[in-house]
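Colleague:
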Amino acid sequence: MSRPRVKICGLTRPEDAALAVSLGADFAGVIFADSPRRIDTARAALIRAAVPSALLVGVFRDPSLDEVAEAVRAADLDLLQFHGQETPAFCDEALATTGRPIIKVFNSSRVPEVAQLAAYTTTSYFLFDTSKDDSVPPQARLHDVDAVRRMGFRVFLAGGLTPESVRAAVATAHPFAVDVCRGVESAPGIKDAAALERFMSEVRA
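Sequential numbering of the sequence shown, starting at 5, is according to our numbering.
1. I'd like the span of the beta strand (DSSP E) that includes Q85, first residue to last.
2. Starting from V184, follow its DSSP beta bridges and name the residues at the other end.
3. Starting from the N-terminal side, write out each stretch of the alpha helix (DSSP H) that is 4 residues or longer and does not extend beyond the segment 8–66.
4. Using the C-alpha atoms, what's the distance from A199 back to A29?
5. Between A54, L59, F203, V34, which has its C-alpha nearest R1's C-alpha?
6. Is it right to say E19 is buried, meaning 16 or more other beta carbons lie within 10 angstroms of its own, or is it exposed?
7. Can you give me the start and stop residues for the alpha helix (DSSP H) that V174 sits inside?
8. Is it true that the CB of F157 sits closer than 8 Å to the CB of L131?
9. So E90 is in the beta strand (DSSP E); what residue range does that whole segment cover?
10. Please report how far the alpha carbon of R9 lies from the alpha carbon of V182, in whole angstroms.
11. I need the straight-line Cα distance from A191 to A175, nearest angstrom please.
12. Since D44 and L60 should fall inside the 8 Å C-beta cutoff, what is the C-beta to C-beta distance between them, to a whole number of angstroms?
13. What residue does the alpha helix (DSSP H) around L165 start on, and which one ends it?
14. Does F130 come out as helix, strand or coil in the three-state DSSP assignment?
15. With V76 as the anchor, note down where its alpha helix (DSSP H) starts and where it stops.
16. Measuring only the C-alpha atoms, how far is V109 from Y129?
17. Apart from the five residues just before and just after A54, which ones in its own chain have a Cβ nearer than 6 Å to its Cβ?
18. For G62, is the classification buried or exposed, using 16 other Cβ atoms within 10 angstroms of its Cβ as the cut-off for buried?
19. Anyone know if the C-beta pair for R52 and L84 falls short of 8 Å?
20. Does DSSP classify F157 as helix, strand or coil?
21. For V115 versus V170, is the C-beta spacing smaller than 8 Å?
22. Taking the beta strand (DSSP E) that A191 belongs to, which residues open and close that run?
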């Protein structure tokens with residue numbers, strides 16, 4: 005099986021984005037939702053300019069369609085990632101309005117039922133993140149992700165990944181992509197060059 009794609013999220017500095025892409029990252033994530041890593045569209049445009057070859061992902065939580073469309077226009081986003089309670093109908097409208105593929109996030113201990121995922125008929129990818137009160141053993145969750153992947157869904161795996169844990173997680177879950185934020189930081193929004201390099205090396209191993 006080919007190596008998973010890699011998304012480095014929570015980018016706030018163009019130089020961090022450029023380093024991540026130079027090391028082999030496929031997706032660069034910028035956050036517009038409430039977060040210590042939140043940036044505005046002007047800063048996102050600078051990151052876009054620093055990584056013209058990467059796929060730039062805008063991360064939102066329960067935005068309006070106008071907010072999404074403006075961010076796409078201002079920062080030339082390639083994909084939209086929705087972290088809130090966005091419905092299948094909202095995702096349909098966002099795709100129709102912007103023409104950008106969608107990553108829908110489910111933040112929970114166990115992945116949703118297949119029928120719930122199937123309702124998102126125009127969503128290109130699903131991202132499974134851990135909840136803050138997650139009581140499910142990580143290994144069980146990884147097997148859940150692998151089961152969804154085997155049903156034909158393209159899955160991003162996120163939540164607590166680090167250079168030390170990513171290789172084993174990939175071996176169990178076989179995701180389409182892995183998504184890391186805090187696991188390669190020295191401070192919120194500031195990426196650690198050595199951690200980034202180790203993470204990419206472990207994904208490629």
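By construction, the Cβ of each residue, glycine as well, lies at the ideal position given by its N, Cα and C atoms.
Modeller: Looking at the atomic coordinates:
1. 83–86
2. I12
3. 18–26, 45–54
4. 13 Å
5. The shown model of the chain, from 5 to 209, leaves out residue 1, and the question about it has no answer.
6. exposed
7. 170–177
8. no
9. From DSSP, E90 is part of no beta strand (DSSP E); its letter is neither H nor E.
10. 6 Å
11. 28 Å
12. Contact flag wrong, Cβ pair sits at about 14 Å.
13. Neither: L165 is in no alpha helix (DSSP H) and is coded neither H nor E.
14. strand
15. 69–79
16. 9 Å
17. P18, A21, A22
18. buried
19. no
20. coil
21. no
22. 189–191
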